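Data first, discussion second: the structure below is written as structure tokens.
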Amino acid sequence: MTQSGDFRCAVQARLRGDDQAGTAAPAHGWVLIEHHGPWPFGGFAELPIDPSIVQPVRHAAQRIGARVLLIRRYGRRAAGVPLRWAVLRYDAAGNHSQQWGTWTTDEDLLQIVPGTEAPGRTDLPPVFLVCTHGVHDACCAIRGRPVAAALTEVWPENTWECSHVGGDRFAANLLVLPSGVYFGEVEPAEAVEVVRDLLHGRVSASHLRGYADLNPPAQVAVIEVLRRFGPAGRHAIRVEKAVRAGERWRVLLACAPPLPPRIEVELQAHQLPEAKLTCRAPMPTQAVGFALVELRAG
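Residue numbering for the sequence shown is 116 to 413, as defined by the numbering used here.
Spelled out as structure tokens, the structure:
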């Protein structure tokens, strides 16, 4: 399916007022592969690389619950510099690690397989990924590249463009790793402030799609707490339990000061109106949303 010349999913999502809360793609790890040639629609799986290399890498990523993303620097690539790969991991306890390597031949990518089992380093700075995968969705390139440029000016070593991360209609999408924080509808003028706030422990509900280690209702519950009580650090809210009863969800949260120590959030799942959710969508579909029923702090 080709992309419609006039239809832009991100524009329409803003006009509809789509709520991006709870839309972070679940993952506990990410395999990043630098690639400066054309990015096919399916990303790494569709690169012209022998399946005997692609499949072991994909299987190793699946074993640790990781997504495979292509990355590249914004602007021109420096000549003679080896391409890089990385395995980044995060868990609900806040443990994180990064394992980086380089590659010059396709066979070098097999280093990723043992890399998924290596302990990795815990002292490296975060990585900022901005989706610019225009072949997958035009909005990602149109809105993503200016955000990548803005972040590259301030954090050139931390910032990369990346392939599809989900939520095309919320472009520009920013993913901070290895902590798995998804931001959407980020504008170039806001991007630096969004990242600085995160680095200083001030994650707000604005632009936050969710935390990748949580399921959608738990993501929404965290965002509702931030909406009610204001910004908090990435690890200030811990999900103790998420219980489903039909279309109702009850999420119990334990929070660090200055948030209330215990918060219970009740949500109602519901089908959103039909809409074309990507620029390539052949027909309208329905997404699932979560409406706040009650929030109790104690």
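Quick reminder that beta carbons are idealized off the backbone N, C-alpha and C, glycines included. Computed from a prediction, not measured in an experiment: that's the story for all the values here.
Beta-carbon gap between residue i and residue j smaller than 8 Å
| i | j | result |
| --- | --- | --- |
| VAL242 | LEU266 | no |
| VAL318 | ALA347 | yes |
| CYS246 | HIS279 | yes |
| GLU149 | ARG173 | no |
| ALA142 | ARG182 | yes |
| ASP165 | ASP221 | yes |
| LEU185 | PHE159 | yes |
| LYS356 | LEU374 | no |
| GLY295 | ASN288 | no |
| GLY216 | TRP200 | yes |
| VAL301 | VAL250 | no |
| VAL195 | VAL335 | In the sequence under discussion, the amino acid at residue 195 is Gly, which differs from the Val named in the question. No, these two residues do not count as a Cβ contact at 8 Å. |
| ALA125 | ALA256 | no |
| ALA351 | ALA320 | no |
| LEU225 | PRO171 | yes |
Inter-residue CB distance, residue i and residue j (contact presumed, cutoff 8 Å)
| i | j | result |
| --- | --- | --- |
| GLN127 | LYS391 | 7 Å |
| TYR205 | PRO271 | Rounded, the Cβ-Cβ distance is 23 Å, inconsistent with contact. |
| ARG324 | TYR297 | 4 Å |
| ALA193 | TYR326 | No, ALA193 and TYR326 are not in contact; Cβ-Cβ is about 34 Å, not under 8 Å. |
| VAL146 | ILE227 | 6 Å |
| ASN273 | PRO240 | 6 Å |
Residue of the options minimising C-alpha distance to residue i
| i | options | result |
| --- | --- | --- |
| LEU382 | ALA369, MET398, GLY413 and GLU339 | GLU339 |
| ALA333 | ASP312, TRP364, GLY157 and LEU147 | TRP364 |
| ASP134 | ILE179, LEU407 and VAL358 | LEU407 |
| ALA412 | ALA369, ASN210 and GLY259 | ALA369 |
| HIS385 | CYS394, HIS248, GLN401 and ARG377 | GLN401 |
| ALA410 | HIS151, ARG359, PRO372 and PHE344 | In the sequence as displayed, the identity of residue 410 is Leu instead of Ala. That would be PHE344, whose Cα lies nearest to the Cα of LEU410. |
Per DSSP, the bridge partner or partners of residue i
| i | result |
| --- | --- |
| LYS356 | LEU367 |
| CYS246 | CYS277 |
| TYR189 | None, per the DSSP bridge assignment. |
| ARG236 | GLN213 |
| LEU184 | LEU147 |
| ILE378 | LEU368 and ALA412 |
| THR400 | ALA390 |
| ARG349 | For ARG349, which the question treats as bridged, DSSP gives no partner whatsoever. |
| ARG199 | THR217 |
First and last residue of the uninterrupted beta strand (DSSP E) at residue i
| i | result |
| --- | --- |
| SER212 | 211 to 218 |
| VAL291 | 289 to 292 |
| GLY137 | No beta strand (DSSP E) contains GLY137, which DSSP labels as neither H nor E. |
Boundaries (first-last residue) of the alpha helix (DSSP H) holding residue i
| i | result |
| --- | --- |
| ALA265 | 253 to 269 |
| LEU162 | Where LEU162 is concerned, there is no enclosing alpha helix (DSSP H), given that its DSSP letter is neither H nor E. |
| GLU362 | Here GLU362 belongs to no alpha helix (DSSP H), and DSSP marks it neither H nor E. |
| VAL309 | 303 to 314 |
| ARG343 | 331 to 344 |
| ALA125 | 124 to 131 |
beta-carbon residue i near the ligand ADP non-hydrogen atom, thresh 7 Å
| i | result |
| --- | --- |
| HIS248 | The ligand ADP is absent from the structure shown, which contains no ligand whatsoever. |
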